[in-house]
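Listed in order, the protein sequences are those of chains A, B and C. Mapped onto my numbering, the consecutive letters of the first sequence carry residue numbers 665 to 1136. Mapped onto my numbering, the consecutive letters of the second sequence carry residue numbers 40 to 127. Mapped onto my numbering, the consecutive letters of the third sequence carry residue numbers 155 to 632. Where is the CB? At the ideal position from N, CA and C, for every residue including glycine. Everything numeric in this text was worked out from a predicted model, so none of it was measured. Structure first, then comments.
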Amino acid sequence: MSMKELPTIAQLWFDLDTGAAKAADVIALIRENVALYEKDINAYINLYLDEAEELARSQDSTRYPAGKTPDLAGIPIAIKDNICVKGKPCTCASNILKGFVAPYDATVIERLNARGAILVGKTNLDEFAMGASTETSAFGPVRNPLDPERVPGGSSGGSAAAVRYGGAVAALGSDTGGSVRQPAAFSGLVGFRPSYGRVSRWGLVAFASSLDQIGPITRTVEDAALIYSVIAGPDPRDSTTYPQEPEEMDLTGELKRGVKVGIIKEFFAELADERISEAVQTPFKEAGIDLIEVSMPEVRYSISGYYLLAFSEVSSNLARYDGIRYGLRVSKLGLRETYSASRAQGFGEEIKRRILMGTFGLSAGYIDAYYNTALRYRAALAKAYEKAFSQVDFLLSPTAPTVAYKLGEKIHDPLEMYLGDIYTASNALAALPCISIPAPRKVDGLPVGIQLTASRYQDAKLLEFAHAVERI
Amino acid sequence: MSVGKQIVKVADLARLDLTEKETERFGAEFDKILAYFSELQEMKMEGEILLPYPCPRAPDDPSSCDIDIEGLSRHLKEGYFLIPPWLA
Amino acid sequence: MPSKESRYEVIIGIEVHVQLNTLSKMFCRCEVDVDARPNTKVCPICLGLPGALPQTNDTAVKLGIKAALALGCKVNLESRWARKHYFSPDLPKGYQITQYDYPLATGGSLDLPGMKRSVRIRRLHLEEDAGKLIHSSRETLVDFNRCGVPLAEIVSEPDIASALQADAYLKELRLILRTLGVSDAEMERGHFRCEPNISVRPRGQEEMGVRSEIKNLNSFKAVREGVERAVEDQIAWLEQGKEIVQTTYLWDEKARELRPMRVKETAADYRYFPEPDLPPLILEQSEIDEIKESLPELPAAKRKRLFKEGLSKQDIQVLSQEPEWEDYFLNLLEKGATVKEASTWLLNEARGIMAERREGLEEFKVPVEEMVNLIMLLRSGELTRPAAKGLLEAMAEKGRGAKELMTRMDLGAVSDSGFLEKVARKIIDANPEPVQRYRNGKTGVIGFLVGQCMKELRGKADPNAVREALSTLIAKED
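This is the structure in C-alpha cells:
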C-alpha cells in the first residue's frame, strides 16, 4: 500500500462543484492514509474522522446552485491543537491542559465552518507552540513523512506532517517566529504567515501575543491564498486585528516585469550551507530576476531580540495555567504549593525554561537590560525593513539555515535550536507578511524553503508574487 | 553576571517547583543564553513600535454566555471554584 | 514643650478604586451583577480561558474621562494598557490589565470643602477588578462574577495631613463621582475602596518617613480610625527610636486594629509590561470636549451657588454629605420652592419628622411634588404654619396628598371673617381681665388673646387675621 494522493483545495473544490468528486470519498482516502502513517508519524493529537465523514456526506447531499458552492465546502482541513474548537479538547500538546475542552470556537474556526470546511482533527505541536522540531510535545514527537528519522520542523510540525502524508488537504498552523514557515519548508509545502493583525487570534492559545499569527500550510500558494481569504479580516474580538478588509488577489501566475527582489547581505553571509543559498537563488536567476543586495546589520541580532520579547510574553501568557479553574491540578495542602506543583508537573522542560527566562527578563532591575532593550530593537528593526522596502518589492531568503535534521539532533542544546529561527524571527518581529514555498532543487534529497517577505499589509501582493515564483 | 544564582528567586516568582537538577541545569544554560542575548545591549537604539491603529471600543451591551463551569473543573462546591486554603 | 503630635508632620496619600457604573465588564460583555449566583456572570475572557482576548468597554472609557475632567485632570490623548503580574486565585490570567506608565489622565486637584486645602490628584487610570475569595480554615471558594468589573484608580499626591482631611477628601471625591453618575460609590459594597498610605516625620525633616499602607477600609469611620491608628503607631515608634518597616496593613473592623500583611505579599515584583492584546487608547480632543460640555454642576459650584442664594453653611454641609437629600432639595427648588422654604420644610421639619419616625429619606412617604404642594398652600395662606406641620406629619404617616389630607382633616385655614369674629367674641367674653389691661394700654396682652383664639381654632387660622379681628372688636366696644 502507498499513500493516496489528495487533490489540492482548488482541484477538489472544482470537482465537488461539478459533481465529479464526493467529499466523503476524500475522507475515505484520508482514512486510508491515516491508517497507514499516523501511528509512525504522530501528526494528530485527536482525529475526528467519523464526524468528518458525516459532515462530508451532508455536504455531498447538499445541492448548491452551480458556481455557488461555498469556498471551502467539503474541504478536509487539519487544525493545530492550540486553536480552540468548541466541544473539543484543546491540549496545546501540554499536560497542563489535561481535560480542558474548549467551550468556544476560534474566529478562524467559525470562518472555516461558515464556508463549509470539514475538521479532520487537531494536530500535534511543540508544547504551546514553543519549539522548532515538534519534539517538545507531551504527546510524543512528530516525524517527518519524507524521512521518519527526521523532524518535520515546528512548532506546527503536526499540521505540516498531516498535509504531507495525505492526512488532510490543508492545515492551519500558528507562526510566532517561524512555526508555520519552517515546518512547511522541511516538508516541501507552502507555509504563509500573514501580516500581524490580518488574522484574528481569538481562540488561538497565546504564546507571544505580539507575534502570534495563524497561517495556512498547504500544497500550493493558491490553496494558501484561498484559506487566507476566508480567515483574514478584522474581528471585534481581537483588538489587534487590522481594521481593513484584505485586498482582492489576482493570482495570474505571471511574473510582473520590473519586480525588484532583494536579498539581505548579512543573511547570506552567515549561511553555512552554500547549497541552500543556491537552491534559493537559482530559480530567480533562471527567471531573469536580478537580486538586489541590501544591507541590514540589524538582522544579526534578531534571535536575541525575538527570544527576549517572546520569553517575556510567555511568562505572562502562561501565568493563567495555575490549576485553579481548568486543566491539571496537583492538589497540595496549601494554595501556593498547589500552584507550584501543578505548574511544575504540567509544563515540560522547554516551557519552564522560557517562563523562567521571561520572568527574569521582566523582573525588577533587569527589565531595562532585557525586555525594554528588545522592544527598542524591534522598533529599529522595523525601521530597517521599512527602509529596505523603499528599495525593493520583496525580500528573498532561505526559510531555514538547514534542511530537516534528525530527531534528537538539536533538542539538547536550546541555543542551537533557537538559532535555527534566524530567517524567520526578524520579519515576524517587524510584523511583515512572509511565505515559504518549496524550492525546485533539493539538498540531500530533502526540500528547501524559499522565503519571501513583503512590506506590512502587502499580503495580497506577496501571495500573487509567490504564486508566480512557484510556477518558475 | 550569573543568573544561575537568581534562578531560585525567579522560579518562586513564576510559581514553578524546580528539582535540584533542573535548578543546576537551567542556571548553567541561562548564563550561556543570556550571554548571547547581551549582544543586543551593545546596540544603540531608540523608539518603539506600536500597533498603527487605536484600541477599538466595544459598546457596553451585556450579553450572556452559555459557559458552564462544570465543564471546566471538577473542583467545585455550590457553584464556586474550590481551592486549598489561602494561608496554609 | 509642644505636644507630641505637633512635633510631627503627617503625610498621607490615598489610592481609591472606584467601580464604574457600566452594564458590562471592562474587557468582556458579561453583565455586571456581583450578587448573581456565583460564577454565572462569567465567560472565556473574564475566566482567563486559553485563547480569549480582551475587548475594551466604551462606556468605561467615557466614565473615566468624565471623572478625570471633573477632578481637573488632563486627559491624555494617548494612554496605554499594561499587564500587572501576580499570582492570586481571584486573578484568572495571572495578571491584571491596568494602565501603568501611560495613564488615562494626570494632574488634577480637589478642594476639601470648608478646609482651605487642595489635594492634588496624581493620576486616574482604568483597570479591571479581581474576583472574590471566600475563606474558611479548610478551604477557599472563588467566585468570578466580580472579576473584570471596570475600576478607575484615582491616586492623590501626599497632600493630606490628617485623618480628618482624609475623611473630607474621600467624602468629597465620592460625592463628585456620584454627582457625575460615574459610580454608585457605595463603600460597604466595595464600589469605593480606599487605600491610604501614611508616613510621619519630625517637623522640619526633609526626608520622607516610612510608609504604612492600609487596606480593607470599608467605611468612613474605618478610614478615620485606621489612619489615626497608623499615625499614633508611627509617632510612638519614632518616639521610641524604633526602625519603621514599610508595611501593608489590613484594617480589622471588629477588633479595630491594624494587622500587618505578610512581608512576602508586600514585597511584590509586578513585572509590568505593555499589554500586547490591546493597542494604545487614542482619544480625539473633540470627544473629550464633548464630555466636558456635558458635565453636570459639580458639588463645589453648587455649594457656592446655594450659599449665595441664602442657604446656611450648616445646611450645605448636610446636603454635601447626603446626595439623596441634596437631590430632593434641588428638586424642590426646581419645582418652585425658595431656598428658605426648602430648607425649612425639608431640612428642618421633614428631617425632624423622619428622625422621630426613625425613617430614612428612602422610606419617607412624601414625594417632592406633594412637599411642593404643601409649601404652596402655605404660601397662599390656605394653610397656617402650625397646621402645615401637622399636615406634613400626617402625609409622612399616610402617604397621601397634601390637598386631600388638608380637606379630610379639616386643616384648611379659616378665612371666613364672620366665624373669626364669633370666636374672637367668645375669647373676649371669657377673658375680661386681659381685655381690660389691653384697653389700659398694655397692648402686648393681645398675644395671649390671639393664642387663645388659635387654640379654639385648632391653629387653622392666620394669626394675623385673628389679631385683626380681636383688635377691631375691642375697639368697637370702646
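Bridge partners - Tyr162/C, DSSP secondary structure assignment
Taking the third sequence and counting its residues from 1, the one referred to as residue 162/C is at position 8. Pro356/C.
Please report how far the alpha carbon of Ala306/C lies from the alpha carbon of Lys179/C, in whole angstroms.
Here the question's residue 306/C lines up with position 152 in the third sequence. Here the question's residue 179/C lines up with position 25 in the third sequence. Cα-Cα distance, rounded: 13 Å.
To the nearest angstrom, how far is the alpha carbon of Leu736/A from that of Thr884/A?
Numbered from its first residue, the first sequence carries residue 736/A at position 72. Numbered from its first residue, the first sequence carries residue 884/A at position 220. Using only the alpha carbons, I get a separation of about 15 Å.
Applying a beta-carbon distance threshold of less than 8 Å, which residues of chain B neighbour Ile436/C?
The sequence position of residue 436/C within the third sequence is 282, counting from 1. Ordered by position in chain B, the residues that pass the 8 Å Cβ test against Ile436/C are Pro93 and Cys94.
Start and end of the alpha helix (DSSP H) containing Gly601/C?
Numbered from its first residue, the third sequence carries residue 601/C at position 447. Counting along the chain, the alpha helix (DSSP H) containing Gly601/C begins and ends at Ile600 to Glu610.
Would you kindly work out how many angstroms separate the C-alpha atoms of Arg237/C and Ser874/A, rounded to a whole number?
Taking the third sequence and counting its residues from 1, the one referred to as residue 237/C is at position 83. Taking the first sequence and counting its residues from 1, the one referred to as residue 874/A is at position 210. Near 13 Å, if we compare the C-alpha coordinates of Ser874/A and Arg237/C.
Proximal residues to Tyr965/A (C-beta, below 7 Å), its chain only, five neighbours per side dropped:
The count along the first sequence starts at 1 and reaches residue 965/A at position 301. For Tyr965/A, where only same-chain residues beyond five positions count, the Cβ hits under 7 Å are Tyr1041.
Give the secondary structure of Asn777/A by DSSP, where H, G and I count as helix, E and B as strand, and everything else as coil.
The residue given as residue 777/A occupies position 113 in the first sequence. In this structure, Asn777/A counts as helix in the three-state DSSP scheme.
Between Leu783/A, Val784/A, Gly785/A and Thr800/A, which has its C-alpha nearest Glu791/A's C-alpha?
Residue numbering aside, residue 791/A sits at position 127 when the first sequence is read from its first letter. Glu791/A has its Cα closest to that of Thr800/A, out of Leu783/A, Val784/A, Gly785/A and Thr800/A.
With a threshold of 8 Å between beta carbons, is Lys668/A in contact with chain C?
Locating residue 668/A in the first sequence gives position 4, where the first residue counts as 1. Residue-level contact check: Lys668/A does not touch chain C, since none of the beta carbons of chain C fall below 8 Å from its beta carbon.
Taking just the CA atoms, how far does Leu1026/A sit from Met40/B?
Sequence index remark: in the second sequence, residue 40/B carries index 1 (1-based). Sequence index remark: in the first sequence, residue 1026/A carries index 362 (1-based). At Met40/B, the pLDDT of 47 sits below 50, so the modelled position is not reliable; the number obtained from the coordinates is stated separately. In this structure, the alpha-carbon of Met40/B lies about 16 Å from that of Leu1026/A.
Within 10 angstroms of its Cβ, does Tyr162/C collect 16 or more other Cβ (buried), or is it exposed?
Taking the third sequence and counting its residues from 1, one reaches residue 162/C at position 8. Counting Cβ neighbours within 10 Å, Tyr162/C comes out buried, since at least 16 surround it.
Does any CB atom of chain B fall closer than 8 Å to the CB of Thr420/C?
Counting from one through the third sequence, the residue named residue 420/C turns up at place 266. Residue placement at Thr420/C cannot be trusted, given a pLDDT of 46 that sits under 50; the coordinates are not used to answer.
Minimum Cβ-Cβ distance from Val765/A to chain B less than 8 Å:
Here residue 765/A is taken as the residue at index 101 of the first sequence, counted from 1. True, the Cβ-Cβ gap to chain B drops below 8 Å.
Give me the residue from Tyr701/A, Tyr708/A and Lys1125/A with the minimum Cα distance to Leu919/A.
What you label residue 919/A is simply residue 255 of the first sequence in a count that begins at 1. Comparing Cα-Cα distances from Leu919/A to each of Tyr701/A, Tyr708/A and Lys1125/A, the minimum goes to Lys1125/A.
Going by DSSP, what residues sit across from Phe427/C in a beta bridge?
Within the third sequence, numbered from 1, the residue matching residue 427/C stands at position 273. Arg237/C, per the DSSP bridge assignment.
So what's Glu911/A in DSSP terms, helix, strand or just coil?
Start at 1 with the first residue of the first sequence, and residue 911/A comes out as number 247. Of the three classes helix, strand and coil, the one that applies to Glu911/A here is coil, per DSSP.
Does the beta carbon of Pro753/A come closer than 8 Å to any beta carbon on chain C?
Start at 1 with the first residue of the first sequence, and residue 753/A comes out as number 89. So, not an interface residue.
Closer than 7 Å, Cβ to any Cβ of chain A: which residues of the segment 234 to 253 of chain C, in chain order?
Arg237, His239, Phe241, Pro243, Pro246, Lys247, Gly248 and Tyr249
At what residues does the alpha helix (DSSP H) containing Val1056/A begin and finish?
As a working note, residue 1056/A is residue 392 in the first sequence. Per DSSP, Val1056/A belongs to no alpha helix (DSSP H) and is neither H nor E.
Could you compute how far the alpha carbon of Ala635/C sits from the alpha carbon of Leu501/C?
Lying before the first or after the last residue shown, residue 635/C is absent from chain C, which here runs from 155 to 632.
Beta-carbon neighbours of Asp902/A, restricted to chain C and to distances below 9 Å
By 1-based counting over the first sequence, the position of residue 902/A is 238. Result: Leu207, Gln209 and Asp431.
Cβ of Leu611/C within 8 Å of Cβ of Leu624/C?
Locating residue 611/C in the third sequence gives position 457, where the first residue counts as 1. Locating residue 624/C in the third sequence gives position 470, where the first residue counts as 1. No, these two residues do not count as a Cβ contact at 8 Å.
Find out if the Cβ-Cβ distance for the pair Ala97/B, Arg183/C is shorter than 8 Å.
What you label residue 97/B is simply residue 58 of the second sequence in a count that begins at 1. What you label residue 183/C is simply residue 29 of the third sequence in a count that begins at 1. Contact flag set, yes.
Could you check whether the segment 1080 to 1099 of chain A touches the segment 859 to 873 of chain A, counting it as contact only if at least three pairs of C-beta atoms, one from each stretch, sit closer than 8 Å?
yes
Could you confirm whether any beta carbon from chain B is found closer than 8 Å to the beta carbon of Asn370/C?
Against the third sequence, residue 370/C aligns to sequence position 216. No, Asn370/C does not count as interfacial toward chain B.
Considering only the beta carbon of each residue, do Pro208/C and Ile166/C sit closer than 8 Å?
Along the third sequence, one-based indexing puts residue 208/C at 54. Along the third sequence, one-based indexing puts residue 166/C at 12. No.
Is the number of C-beta pairs between the segment 1069 to 1085 of chain A and the segment 801 to 819 of chain A that are closer than 8 Å three or more?
Yes, the segment 1069 to 1085 of chain A is in contact with the segment 801 to 819 of chain A.
Which value, in whole angstroms, describes the spacing of the CA atoms of Glu510/C and Pro521/C?
Locating residue 510/C in the third sequence gives position 356, where the first residue counts as 1. Locating residue 521/C in the third sequence gives position 367, where the first residue counts as 1. Between Glu510/C and Pro521/C, the C-alpha separation is close to 18 Å.
Note down the Cα distance separating Gln253/C from Ala766/A, rounded to an integer number of angstroms.
Reading the third sequence from its first residue, position 99 is the one you call residue 253/C. Reading the first sequence from its first residue, position 102 is the one you call residue 766/A. In a straight line, the C-alpha of Gln253/C is about 30 Å away from that of Ala766/A.
Cα separation between Glu367/C and Arg378/C?
By 1-based counting over the third sequence, the position of residue 367/C is 213. By 1-based counting over the third sequence, the position of residue 378/C is 224. When rounded, the distance between both Cα atoms is 14 Å.
DSSP three-state call for Leu531/C: helix, strand or coil?
Start at 1 with the first residue of the third sequence, and residue 531/C comes out as number 377. Here Leu531/C sits in helix by DSSP.
May I have the straight-line CA-CA distance separating Ala127/B from Thr294/C, to the nearest angstrom?
Locating residue 127/B in the second sequence gives position 88, counting from the first residue. Locating residue 294/C in the third sequence gives position 140, counting from the first residue. For Ala127/B, the predicted model reports a pLDDT of 40, less than 50, meaning its position is unreliable and no value from the coordinates is stated.
Compare the beta carbon distance of Asn759/A and Phe871/A with 8 Å and say whether it is the shorter of the two.
Numbered from 1 along the first sequence, position 95 holds the residue referred to as residue 759/A. Numbered from 1 along the first sequence, position 207 holds the residue referred to as residue 871/A. Going by C-beta atoms, Asn759/A is not nearer than 8 Å to Phe871/A.
Hey, Leu201/C and Arg989/A are a contact pair by Cβ (cut 8 Å); roughly how many whole angstroms apart?
Within the third sequence, residue 201/C is the residue found at index 47, counting from 1. Within the first sequence, residue 989/A is the residue found at index 325, counting from 1. So it is a contact: roughly 6 Å between Cβ atoms.
Considering only the alpha carbon of each residue, which of Glu912/A, Thr904/A, Ala824/A and Ser666/A lies closest to Pro91/B?
Locating residue 91/B in the second sequence gives position 52, counting from the first residue. Out of Glu912/A, Thr904/A, Ala824/A and Ser666/A, Thr904/A has the C-alpha closest to the C-alpha of Pro91/B.
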